[in-house]
DNA sequence: TAATGAAAATGACCGTGGTCAATATAAATT
DNA sequence: AATTTATATTGACCACGGTCATTTTCATTA
């Protein structure tokens with residue numbers, strides 16, 4: 273009794289996503305307008321909101337998919353043997369997340385699941401990131417006085433901090449990877 | 273030749289802020305509408321935007337002032353002698369920042385200075401928070417293998433993480449102070 | 001105190017995200 | 001095939017933040 277989704281539905285949704293992705297490729301995330309998306313997809317405005325709760329929901333889907341693909345690549349990498357290597361493993365992810373100020377804002381807004389029932393795509397990638405990093409930290413040359421998952425939580429917190437400071441006009445002498453390295457050195461290898 | 277600000281200007285600005293604060297007190301931050309503010313203040317809509325770049329700028333001012341007042345109190349407290357005490361010192365601040373989801377969003381959005389010239393009120397409080405915490409950490413019973421300011425940066429990063437998870441429907445078994453204590457224990461007292 | 005220039009206030013107007021009753025289309029039932 | 005029910009689509013409409021040419025008020029100078 274759960275089966276009810278028509279083929280038409282999936283087609284329309286795919287058209288909307290495709291249109292949005294075209295626009296993003298051409299003009300960037302922040303330039304995307306719902307009006308423009310529905311026009312390119314050849315549907316009415318109301319249809320958009322029959323498929324996505326709001327504009328953010330579409331962004332969550334698109335950005336979430338890209339982060340997920342990035343995590344696929346990262347997941348293939350071998351366990352980093354020091355902090356520098358860990359940071360460089362993470363850099364593609366951080367670059368993706370900071371490619372636009374608007375993108376970072378969307379990600380932060382969606383990084384936590386608002387409702388238990390429906391965990392958004394971005395929120396899921398945040399959970400997955402913890403898993404991937406925790407696996408590395410478990411058998412890497414890092415401190416083991418605390419659980420690897422806690423360490424991974426910290427890596428995430430420091431990553432967000434480093435990304436936030438990347439958009440900050442003050443304290444911007446230091447580049448993102450350098451700052452993150454400083455943080456994670458202190459976090460993962462206390463003396 | 274810098275002097276040009278009229279008395280009228282300050283009065284109008286004060287009226288706008290007062291109106292906004294009344295509305296916030298009665299209905300909460302997220303319910304505040306610019307239209308409502310100007311109506312209560314008895315000015316035209318355009319006037320609002322002659323005084324504030326956008327709605328967020330007024331929020332930045334109001335929320336920033338409240339955080340600053342909270343930091344005044346916190347600044348008076350004695351140096352915490354352990355992590356539990358540090359967390360309880362910080363709790364008023366975290367409660368203020370998480371009193372509404374909307375408030376937390378505004379704070380995150382403004383925690384970094386967008387332009388070097390004009391650092392917003394909230395961004396300033398973030399700088400001040402680092403100073404206050406760093407002073408504590410310098411002569412407290414915590415690790416000293418890294419600079420106190422770096423430790424304070426970490427306290428901020430973990431605080432943001434704890435607050436973000438507070439609004440997250442999943443991982444919500446643990447309360448904010450408990451989670452923050454776990455983080456800071458690992459951060460400030462590695463074994 | 002009248003004239004002049006500068007700063008402040010005004011409100012009609014716009015862009016954009018989001019709503020919803022009405023309509024059209026597909027699937028199920030007779 | 002005709003009828004009924006469920007689902008998808010439509011587009012006029014609304015809410016709300018933000019703009020700007022015009023007008024009003026204030027301060028300065030003649």
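Protein chains in written order, with the numbering used here: chain W, 273 to 463; chain B, 273 to 463. We treat Cβ as the ideally placed atom computed from N, Cα and C, and that holds for glycine. Just so we're clear, the structure is a prediction, and the values are computed from it rather than from any experiment.
- Along the region 437-455 of chain B, going in chain order, the ones with a CB nearer than 8 Å to a CB of chain W are 437, 439, 440, 441, 442, 454, 455.
- If you check each beta-carbon in the region 376-404 of chain B against every beta-carbon of chain W, the ones closer than 7 Å belong to 377, 380, 381, 383, 384, 385, 386, 387, 388, 391.
- Looking at B:387, B:423, B:443, the one whose alpha-carbon comes closest to that of residue 402 (chain B) is B:423.
- For the region 406-417 of chain W, the beta-carbon criterion of a distance under 7 Å to any beta-carbon of chain B is satisfied by 415, 417.
- Residue-level contact by beta carbon fails for residue 282 (chain W) and chain B, as no gap is shorter than 7 Å.
- Chain B places a beta carbon closer than 7 Å to that of residue 422 (chain W), counting this residue as a contact.
- Rounded to whole angstroms, residue 404 (chain B) and residue 427 (chain B) show a C-alpha spacing of 11 Å.
- Listed along chain B, the residues sitting closer than 9 Å to residue 432 (chain W) by beta-carbon distance are 429, 432, 433, 436.
- Under a criterion of Cβ atoms nearer than 7 Å, the residues of chain B adjacent to residue 463 (chain W) are, in order, 417.
- For residue 458 (chain W), the nearest beta carbon of chain B is closer than 7 Å to its own beta carbon.
- Neighbours of residue 336 (chain W) across chain B, judged by C-beta separation under 9 Å, do not exist; the nearest C-beta is about 15 Å away.
- Assignment of residue 417 (chain B) by DSSP, reduced to helix, strand and coil, places it in the coil class.
- Linking residue 364 (chain W) to residue 449 (chain W) through their CA atoms gives a straight-line distance of about 11 Å.
- Chain-order list of chain B residues neighbouring residue 426 (chain W): 426, 429, 430, 433, 455, 458, 459, by C-beta distance under 9 Å.
- Only residues of its own chain outside the window of five on either side were considered, and among them 365, 397, 400, 401, 404 have a CB closer than 8 Å to the CB of residue 343 (chain B), listed in chain order.
- A distance below 7 Å separates the beta carbons of residue 439 (chain W) and residue 384 (chain B).
- Per the coordinates, the alpha-carbon of residue 332 (chain W) lies some 7 Å from the alpha-carbon of residue 378 (chain W).
- Secondary structure at residue 364 (chain W): helix, using DSSP grouped into helix, strand and coil.
- Counting only runs of 4+ residues, the alpha helix (DSSP H) found wholly inside the region 308-376 of chain W occupies 317-323, 327-348, 355-369, in chain order.
- When DSSP states are grouped into helix, strand and coil, residue 412 (chain W) belongs to the coil group.
- Residue 454 (chain W) and residue 293 (chain W) have their alpha carbons spaced roughly 36 Å apart.
- Using a C-beta cut-off of 8 Å, the region 283-291 of chain W makes contact with the region 313-324 of chain W, since at least three inter-stretch Cβ pairs fall below that distance.
- Within the same chain, 431 come within 7 Å of residue 362 (chain B) by CB-CB distance, once the 5 residues on both sides are set aside.
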